[in-house]
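Asker: Just so it is clear: in the sequence shown, position 85 is 87 by this note's numbering, and no numbers are missing.
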Amino acid sequence: MEFSFNTFFGFEKDLMAHPEMLIFVALFTPIVLMFPIALIGWIFRKLKFNMYIINVLLYTLMFTFLFGILTIFVLYFITDKNGIKLMYCWLTVLAGMFFFCLINEKTITKMFTDWSQIIEKKDKSR
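#1: Helix, strand or coil for PRO21? Go by DSSP, reduced to three states.
#2: One question on the structure: do ASN52 and GLU107 come within less than 8 Å of each other, judged by their Cβ atoms?
#3: Measuring CB to CB, does LEU96 end up less than 8 Å from THR66?
#4: Taking C-beta to C-beta, are ASN84 and PRO21 nearer than 8 Å?
#5: State buried or exposed for ILE86, treating a residue as buried only when at least 16 other CB atoms are found within 10 Å of its CB.
#6: With burial defined as no fewer than 16 other Cβ atoms inside 10 Å of the residue's Cβ, what is the status of ILE80: buried or exposed?
#7: Taking all protein chains shown into account, do 16 or more other C-beta atoms lie within 10 angstroms of the C-beta of ILE121, making it buried, or fewer, making it exposed?
#8: Considering only the beta carbon of each residue, do MET99 and PHE75 sit closer than 8 Å?
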């Protein structure tokens with residue numbers, strides 16, 4: 003059995019009939035998944051566990067929300083609106099963001115920490 007880009011786990015008919023549904027999936031999946039992961043992260047922080055993988059997952063979902071939506075909109079309006087290929091493109095963005103965040107977690111965390119310190123200094127100066 004060979005791999006085909008015209009199949010996607012039994013959702014071929016739905017994705018081909020309604021490719022615009024993928025825009026909503028790409029928009030709401032990261033947002034919906036952020037809430038339980040943030041709750042798990044809050045529990046981990048209270049229990050003093052390592053937050054590395056939780057931070058990676060949250061950063062992945064945040065960047066996938068930002069860049070995945072941009073990618074899906076551009077590809078949806080430029081290409082032939084093939085829902086299966088759009089889903090594979092979105093999953094590629096998700097996987098790429100995961101590996102990017104996995105490699106750069108310390109840098110991203112430091113960036114957000116520095117930004118929060120700058121914002122606090124500006125608020126105190128007012």
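Positions of the beta carbon are idealized from the N, C-alpha and C atoms, including for glycine.
Answerer: If we stick to the structure as given:
#1: coil
#2: By the CB criterion at 8 Å, ASN52 and GLU107 fall outside the cutoff.
#3: Contact flag set, yes.
#4: yes
#5: buried
#6: exposed
#7: Exposed: under 16 other Cβ atoms inside 10 Å.
#8: no
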